[in-house]
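Chains as they are written, first to last, in our numbering: chain A, 1180 to 1563; chain V, 636 to 835. Built from N, CA and C at the ideal position, the CB exists for glycine as well. One structure is given here, and the rest of the page talks about it.
What follows is the structure in structure tokens.
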């Protein structure tokens, strides 16, 4: 991850910016053992990603407030900072200072553990989000599969919260959340599987690499339009965003599994759902929109300037462009999610399950089959 | 001892302790909901042990299948039939506990003996690491094809069975008792939520 200053970038790395190598080289130059240098490096990307995720949530909350205001022809927050940009901070501080209430007949231990179990897998999933060739915490081989399996832990936290609150609305909300997340996990995984089949790898870096070459034309969205739509619908359902926010449907369930929560525990749910939204948007951009790729091939642009691709300055510029492109694509998708939330009504539970099981699942299966067929027929285009 | 190996040792001890204590909790705790949640914890710890063995694909699959599907299903079942009732006292409970404890202890000593007498190849084969996904796929489609397909048939049978059990309304008679089945079977066995309709 990017955390050290660009001054420590060492030239001659063919595969893009590798800050870890540069960092350890500098520390070893100061007379440190390689193990100690690695140990010092380890917490940096983790901390940075944690901070990035939380800042992403703050931006997201601000966007949500401003866009919802625009949709409803209001102004929205405007006194806290310029354009109300400090409003999310105020929200967070308010939640931080609120009394932490555990209902008298609730199960204290599970009540506390529930929100933690919801938040931790989401943050852990940031492990595999790449912002550049080497700009991710860990390029694990199982990459995207890790995210799918981690996101299946979340329902347990929701069930735990719903059960421990000792409240029928909470229990119903928790059960709904778990049912919803299980039903939409399957088409989601099938949509991902089609992409994985094309790139012959589960690693997020390889999936993006397979989409580079011809700029915008090589992005997966052109080869997987159906998969893209399925993935986006399922991602929204997994994040419990409207039109799929049944687990906390205000009119029926008060607030679902969050009903009894207050203060920081509620904030953990809140944080979890927004981090999950940003994460899903980032993964959509990784899987379908070319990840850190610029709409025009970077190699071609660099070739025009006559610089070698591995010159330090060029590397810093391309890495920065990569991060900007990833975040830009993700926030464009977040914008659509927010716009959807304030535009469309909520579906009913039977409609939700019908859509998941009777429509998305068969369509995802057909998409997988067609992708497999196309891969056999046109190995050059669909990744042989 | 390097930092990496000591970290591995600490992780191994912590995970093993979590597995052992969690499994004991699953069996011994009187509250079934705690047992179910602890079972999820045990599955997660086992996934951690797989990670320590460099089998990341197996670890992720373990989480997806056991935690995400099996454990959530168990929790669902518990929460949907969450009746607060005191079960009738079982006669001779003390004796039963002693007997089952003795059986478990015997099994434990047997396993311990096997573990200590077997000549383990201590360094073990080198882990294939990231290649594991490919190797598992190859095995599933070559020498393990038949067990794989049989497992899928088994799952299909279980699914059809579940549908038959859940949708009794498609049958005019109950499968088990042969009595005519009324569609409102499940609702009628409990107190109705709404007042019953009075016929005009």
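CB contact check: residue i to chain V, cutoff 9 Å
i               : result
residue 1202(A) : no
residue 1334(A) : yes
residue 1324(A) : yes
residue 1161(A) : The structure shown does not extend to residue 1161(A), since chain A is modelled only from 1180 through 1563, so no value can be given for it.
residue 1247(A) : no
residue 1331(A) : yes
residue 1547(A) : no
residue 1436(A) : no
residue 1406(A) : no
residue 1535(A) : no
residue 1431(A) : no
residue 1199(A) : no
residue 1364(A) : yes
residue 1339(A) : yes
residue 1470(A) : no
residue 1280(A) : no
residue 1264(A) : no
residue 1283(A) : no
residue 1357(A) : yes
residue 1361(A) : yes
The alpha helix (DSSP H) enclosing residue i, as first and last residue numbers
i               : result
residue 1551(A) : 1540–1556
residue 1397(A) : No alpha helix (DSSP H) holds residue 1397(A); DSSP gives it neither H nor E.
residue 1367(A) : 1347–1378
residue 693(V)  : 691–697
residue 1383(A) : 1383–1388
residue 1444(A) : 1442–1466
residue 1342(A) : 1333–1343
residue 1235(A) : 1222–1250
residue 1413(A) : 1404–1417
residue 1312(A) : Looking at the DSSP string, residue 1312(A) is not in any alpha helix (DSSP H), and its letter there is neither H nor E.
residue 678(V)  : 667–687
residue 1203(A) : 1198–1208
residue 1291(A) : 1287–1303
residue 664(V)  : Per DSSP, residue 664(V) belongs to no alpha helix (DSSP H) and is neither H nor E.
Cβ-based burial, residue i [other Cβ within 10 Å; buried from 16]
i               : result
residue 1520(A) : buried
residue 1399(A) : buried
residue 819(V)  : Because the pLDDT at residue 819(V) is just 47, under 50, the model does not fix this residue reliably, and the value given afterwards should be weighed accordingly. Result: exposed.
residue 1210(A) : exposed
residue 1304(A) : buried
residue 1454(A) : buried
residue 747(V)  : exposed
residue 770(V)  : exposed
residue 1377(A) : buried
residue 1548(A) : exposed
residue 676(V)  : buried
residue 1346(A) : buried
residue 772(V)  : exposed
residue 1241(A) : buried
residue 1418(A) : buried
residue 1366(A) : buried
residue 1460(A) : buried
residue 1283(A) : exposed
residue 1545(A) : exposed
residue 1560(A) : exposed
residue 1393(A) : exposed
residue 1273(A) : exposed
Any chain A beta carbon closer than 9 Å to residue i
i              : result
residue 695(V) : yes
residue 711(V) : yes
residue 681(V) : no
residue 662(V) : no
residue 691(V) : yes
residue 744(V) : no
residue 658(V) : no
residue 668(V) : yes
residue 645(V) : no
residue 837(V) : Outside the displayed range of chain V (636 to 835) lies residue 837(V), so it cannot be described from this structure.
residue 752(V) : no
residue 672(V) : yes
residue 702(V) : yes
Chain C residues whose Cβ lies nearer than 9 Å to that of residue i
i              : result
residue 765(V) : No chain C is part of this structure, whose protein chains are labelled A and V.
Give, in chain order, every unbroken run of the alpha helix (DSSP H) that is at least 4 residues long and sits entirely within the segment 1496–1538 of chain A. DSSP assignment within the segment 1496–1538 of chain A yields the following whole alpha helix (DSSP H) runs of 4 residues or more, N-terminal first: 1528–1533.
Could you tell me which whole alpha helix (DSSP H) segments of length 4 or greater appear in the segment 706–752 of chain V? Within the segment 706–752 of chain V, the complete alpha helix (DSSP H) runs of at least 4 residues are 707–715 and 728–752.
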